Amino acid sequence: MKALVVYESLWGNTAAVARAIAEGIGPEAQAMSTAEAAPQALSGVDLVVAGSPLFAFRLPTGEIRETIRRKAASFSKPPDLGHPPLRTWLETLPPGKGRAAAFETRIWWSPGGATGAILKGLKKAGYAPLAWGRRFRVTGMTGPLKPGELERAREWGVHLARQMR
Ligand SMILES: Cc1cc2nc3c(=O)[nH]c(=O)nc-3n(C[C@H](O)[C@H](O)[C@H](O)COP(=O)(O)O)c2cc1C
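Set out below in structure tokens:
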């Protein structure tokens, strides 16, 4: 079973969760940013797990990334905008036929989420949902992750790998 955990991550929290999920899935899984996960990386993939931060109650849009870019100096740590938004990555995802799972990082309460849009994009490309979307929590606007979240992510990876058997 080949698995790919793809992420958009401006401050590294979603990237850290993605790596922990891949670790939990096992050695056949790799975590990659949206820039690294080129169409060739998806060839023969049985499970695609994709995740993003929640910005303004949803999967990051081009507009919010532009606002963040303009206000980059106001954040405690500079944002990494060097990889494409997951939204764009999903829109250009070549057809596949594996399974899908989605996650998001967020502070907490929100009237909306990102995982619904992620699963919808994966499904449109042919990846059938394997699990409900998962949320991982950060403690502030740019992180860090709450204690225990990386362990939860690893456990979820183990669970997804079991579901695939
Ligand atoms: C501009 C902006 C908007 C955000 N909007 C939300 C939000 O609506 N709900 C929420 O729970 N967290 C929100 N957050 C917190 C992010 O979801 C959190 O920082 C995220 O985990 C960052 O992930 P990353 O380090 O992978 O970029 C926001 C953060 C920023 C900078």
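Residues are numbered in our numbering as their position in the sequence shown, beginning at 1, plus a constant of 2. Using N, Cα and C, we set each Cβ at its ideal position, and we do this for glycine too. No experiment lies behind these values; they were computed from the predicted model shown.
- DSSP bridge partner residues for glycine 145 (one or two, in chain order): Met143
- Query: Nearest to alanine 102 by CA position, among Ala133, Glu151, Ala20, is which residue?
  - Reply: Ala133
- Closest to threonine 16 by CA distance: which of Tyr129, Pro81, Leu124, Gly28 is it? Pro81
- Message: Does glutamate 106 come out as helix, strand or coil in the three-state DSSP assignment?
- Response: strand
- My understanding is that threonine 36 touches tryptophan 91, with C-beta atoms under 8 angstroms, so please give their C-beta distance in whole angstroms. 4 angstroms
- Task: Provide the residue span of the beta strand (DSSP E) that contains methionine 34, from first to last.
- Result: 31-35
- Return helix, strand or coil for proline 41, following the three-state DSSP convention. helix
- Those residues which DSSP pairs with alanine 52 across a bridge: Val8, Ala104
- Query: At what residues does the alpha helix (DSSP H) containing histidine 161 begin and finish?
  - Reply: 151-166
- Exposed or buried, what is proline 146 when buried is set at 16 or more other beta-carbons lying within 10 Å of its beta-carbon? exposed
- Item | Spatial distance of lysine 126 from leucine 44 (CA atoms) | 15 angstroms
- Selection from Ala74, Ala58, Gly118 that minimises the alpha carbon distance to isoleucine 109: Ala58
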